[in-house]
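Undergrad: Please find one structure pasted underneath; my questions will follow.
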Amino acid sequence: MSTLGKVLNSNKGLWRFAGFTIANIAGLAVILGAFQLYRDASPILSGPDSFMRNDYVIVSKKVGALSVLGVGSTEFRPGELREIESQPFMIGAGPFTPAAYSITGSVSAGDMCMSTYMFFESVPDRFLDVKSDIWKLDTVNNVIPIIIPRNYLNLYNYGFSRSQGLPQVSEELFGALTVDLRLSGNGRRGNFTGKIAGFSDRLNTILVPQEFMEWSNSYFGGGDTPAVSRVIMEVTDAGSDDLARFLASKGYETEGENAGRGSGAYFLRIITAIVITVGLIITLLAFFLLILSIFLLLQKNSAKLRDLMLLGFSPGQVAAPYIRLSAMLSGGALVIALLAVGILRGAYLPVFIRFTPGYAPAGFWPTALLAVAFTLISTAVTTVLIRRKVARLW
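The numbering of the sequence shown is numbering that gives the first Met the number 0, which starts it at 0 and goes up by one.
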């Protein structure tokens with residue numbers, strides 16, 4: 000092995016190997032940094048919700064002057080629903096079912112009591128990501144699980160409570176409260192208890208289970224089928240151009256911030272793909288530089304290598320020092336690139352956390368595993384090429 004070491008140390012071309020290392024570090028850092036940034040920024044732009052996935056879009060018709068006068072209609076006709084479901088980007092669609100009866104709700108906490116008119120809606124359960132034990136009716140105690148918009152709690156905490164001198168309420172405390180519900184219609188009345196199952200950032204309504212809505216509409220509403228004024232759609236990509244063109248052509252509106260967030264997520268994917276492509280180009284150029292440098296080194300020492308193999312060294316033994324060299328260079332570039340991504344992440348994560356309440360960053364392990372896999376693949380390819388080159392010399 001000492002003879003092989005002397006051969007390797009002659010005509011090494013240190014500048015070429017240094018160029019490979021620097022280029023490989025830059026390429027890996029760009030790829031891994033873009034990948035990690037995409038994973039960390041996606042929860043902010045995609046608007047994660049505890050009960051709805053990001054590929055769900057809620058649409059409604061615009062309310063114009065004619066609608067106010069009773070001439071225009073904001074209801075979806077059966078033909079329009081079939082047209083929505085037939086779109087190529089559509090996975091499934093379901094109507095919002097409104098309550099066809101009157102609802103009054105009151106909340107009591109100590110000496111404080113608030114009462115107001117309310118409204119219920121429901122969507123098919125398949126569109127909600129709720130545990131079955133939470134989203135279940137308690138027919139014995141007449142308890143109804145409900146999901147309310149987080150905006151309602153914010154309006155109380157930052158608007159109503161301050162003007163009325165009332166204490167602010169946290170989500171945990173508010174979720175522990177029960178709502179006394181009085182339902183009336185069709186000559187009937189009923190008392191129920193509403194149990195808050197959670198808060199939603201994307202649903203601007205009070206949701207109840209579909210099973211309860213169907214029963215209550217038939218009991219308190221007389222059994223008439225309510226008109227559909229809103230539709231929830233499951234699409235392949237909430238930020239796709241086809242979806243945007245379809246909604247614009249029909250004059251439909253998307254509710255909440257999902258449309259803007261979907262577009263933001265779409266542009267984030269595009270930018271990430273561009274940056275990763277640039278990083279791949281840099282890394283591939285670095286890889287070719289490494290192979291070229293090693294091949295030049297092998298060519299310069301070809302006579303000595305043949306002599307070593309004639310003396311009894313196997314092609315694998317002769318190739319081993321060059322394989323170790325490429326592995327060490329790639330491993331060193333991997334470690335430095337991961338450190339660079341860690342430093343970058345430490346710079347932007349505090350900003351994300353500061354300006355996004357409840358933000359939870361993505362894990363770093365997938366990025367590290369991607370880096371290791373990328374390095375192992377490039378090292379394996381390099382090993383095969385070096386062995387073939389040495390075999391040709393033999």
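Note that beta-carbon positions come from the ideal geometry of N, C-alpha and C, so glycine has one too.
Values in this document were obtained by computation on a predicted structure and should not be read as measured data.
In whole angstroms, what separates the C-alpha of Pro47 from that of Ile385?
TA: The pLDDT assigned to Pro47 is 47, lower than 50, so where the model puts this residue is not dependable; a value taken from the coordinates is nonetheless given after this. Looking at the two C-alpha atoms, the distance is approximately 48 Å.
Undergrad: Thinking C-beta only, is Glu252 closer than 9 Å to Lys61?
TA: Result yes, Cβ atoms of Lys61 and Glu252 sit closer than 9 Å.
Undergrad: Rank Leu307, Glu74, Tyr218, Ile143 by C-alpha distance to the C-alpha of Ile195 and give the top, closest one.
TA: Among Leu307, Glu74, Tyr218, Ile143, the Cα nearest to that of Ile195 belongs to Ile143.
Undergrad: Just to confirm before moving on: does the CB-CB distance between Glu170 and Arg149 stay below 9 Å?
TA: Cβ distance < 9 Å, so Glu170 and Arg149 count as in contact.
Undergrad: Under 6 Å Cβ to Cβ from Arg38, same chain only, skipping five residues before and after it: list those, please.
TA: Taken in chain order, the residues that qualify are Ala361.
Undergrad: Could you give the residue range of the beta strand (DSSP E) that holds Tyr251?
TA: Run containing Tyr251: 251-253, per the beta strand (DSSP E) assignment.
Undergrad: Report the start-end ranges of each alpha helix (DSSP H) in the stretch 275-318 that is 4 residues or longer and not cut off at the edges.
TA: With a minimum length of 4 residues, the continuous alpha helix (DSSP H) runs that stay inside the stretch 275-318 are 301-309.
Undergrad: Which two residues bound the contiguous alpha helix (DSSP H) that contains Ser215?
TA: First-last of the alpha helix (DSSP H) with Ser215: 209-219.
Undergrad: Distance check for Ser377 and Ser313, CA to CA, integer angstroms please.
TA: For Ser313 and Ser377, the distance between alpha carbons rounds to 24 Å.
Undergrad: In or out: Trp364 buried (at least 16 other Cβ within 10 Å) or exposed?
TA: Classification of Trp364: exposed, given that the 10 Å Cβ count is below 16.
Undergrad: Under DSSP, the alpha helix (DSSP H) around Lys388 begins and ends at which residues?
TA: Lys388 -> alpha helix (DSSP H) spans 364-392.
Undergrad: Under 8 Å by Cβ, that's how I've got Leu136 and Phe211 pegged, so tell me the actual separation to the nearest angstrom.
TA: Correct: roughly 6 Å between the Cβ atoms.
Undergrad: Let me confirm a value: Lys388 is counted as buried when at least 16 other C-beta atoms fall within 10 Å, else exposed. Which label applies?
TA: Burial call: buried.
Undergrad: Round the Cβ separation of Leu206 and Val122 to the nearest angstrom and send it over; I've been treating them as touching at under 8 Å.
TA: Contact holds; Cβ gap of about 7 Å.
Undergrad: What is the DSSP secondary structure of Glu256, reduced to helix, strand or coil?
TA: Low per-residue confidence applies at Glu256: pLDDT is 49, beneath 50, and the placement is therefore not dependable, though the value from the model is reported in the following sentence. Here Glu256 sits in coil by DSSP.
Undergrad: Consult DSSP for Phe191 and reduce its assignment to one of helix, strand or coil.
TA: Strand, per DSSP.
Undergrad: Assign Leu337 to buried or exposed, taking buried as 16 or more other Cβ atoms, counted over all protein chains shown, within 10 Å of its Cβ.
TA: Buried.
Undergrad: Give the secondary structure of Thr20 by DSSP, where H, G and I count as helix, E and B as strand, and everything else as coil.
TA: DSSP places Thr20 in helix when its eight states are reduced to three.
Undergrad: If Thr204 and Gly193 are in contact, beta carbons under 8 Å, what's the gap, nearest whole angstrom?
TA: Contact doesn't hold; Cβ gap of about 14 Å is too wide.
Undergrad: Should Ile231 and Phe95 be called a contact, given that it needs their Cβ atoms to be closer than 9 Å?
TA: In contact: Ile231 and Phe95 (Cβ atoms closer than 9 Å).
Undergrad: Which whole-angstrom value is the C-beta distance of Gly278 and Gly18, which I expect to be below 8 Å?
TA: Not confirmed; about 17 Å, so no contact.
Undergrad: Quick check on Gln298: buried or exposed, where buried means 16 or more other Cβ atoms within 10 Å of its Cβ?
TA: Label assigned to Gln298: exposed.
Undergrad: If contacts are defined as beta-carbon pairs under 8 Å, then Leu289 and Leu343 qualify, I think. What distance do you get, rounded to the angstrom?
TA: In fact, because the Cβ distance is near 25 Å, the residues do not count as touching under 8 Å.
Undergrad: Within 8 Å: the Cβ of Gly311 and any heavy atom of the ligand GTP?
TA: You won't find the ligand GTP in this model; it holds no ligand whatsoever.
Undergrad: Using CA coordinates, which residue listed in Ser72, Ile275, Ala175 is at the minimum distance from Ser107?
TA: Of Ser72, Ile275, Ala175, the residue nearest in Cα terms is Ala175.
Undergrad: Using DSSP's beta-bridge definition, name the partner residues of Leu180.
TA: Answer is Gly104, Phe191, bridged to Leu180.
Undergrad: Out of Leu127, Leu304, Thr138, Ser248, point me to the one whose CA is closest to Asp54's CA.
TA: Here the closest residue by C-alpha is Leu127.
Undergrad: Tell me the rounded alpha-carbon separation between Gln209 and Tyr358.
TA: Spanning the two alpha carbons is a distance of roughly 31 Å.
Undergrad: Identify, in the order they occur along the chain, each residue of the same chain with its Cβ nearer than 8 Å to the Cβ of Phe351, setting aside the five sequence neighbours on each side.
TA: Answer for Phe351: Asp39, Ala40, Ile43, Tyr358, Pro360, listed in chain order.
Undergrad: Might you give, ordered along the chain, the residues of its own chain that have their beta carbon closer than 8 Å to the beta carbon of Glu82, omitting 5 neighbours on each side?
TA: If we look at Glu82 and ignore the five residues flanking it on each side, it has no Cβ neighbours.
Undergrad: Among Val58, Val29, Pro349, Ile30, which one has its Cα closest to the Cα of Ser228?
TA: Checked all of Val58, Val29, Pro349, Ile30; the closest Cα to Ser228 is Val58.
Undergrad: Look at Ser218 and Arg181 and say whether their C-beta atoms are less than 9 Å apart.
TA: Ser is not the amino acid found at residue 218; the sequence shown has Tyr there. Contact flag unset, no.
Undergrad: Comparing C-alpha positions only, which one of Ile335, Met117, Asn216 sits nearest to Ala446?
TA: This structure does not reach residue 446, given that the chain is present from 0 up to 393, and the question cannot be answered.
Undergrad: Can you tell which of Met113, Glu84, Arg391, Ala319 has the C-alpha that lies nearest to the C-alpha of Thr235?
TA: Selected option, being the one with the closest Cα: Glu84.
Undergrad: Using only alpha-carbon positions, find the residue among Gln167, Asn216, Thr282, Leu80 that is nearest to Ile21.
TA: The shortest Cα separation from Ile21 among Gln167, Asn216, Thr282, Leu80 belongs to Thr282.
Undergrad: Based on Cα-Cα distance, which residue from Ile24, Gly32, Ala285, Phe294 lies nearest to Thr271?
TA: Closest option to Thr271, Cα to Cα, is Gly32.
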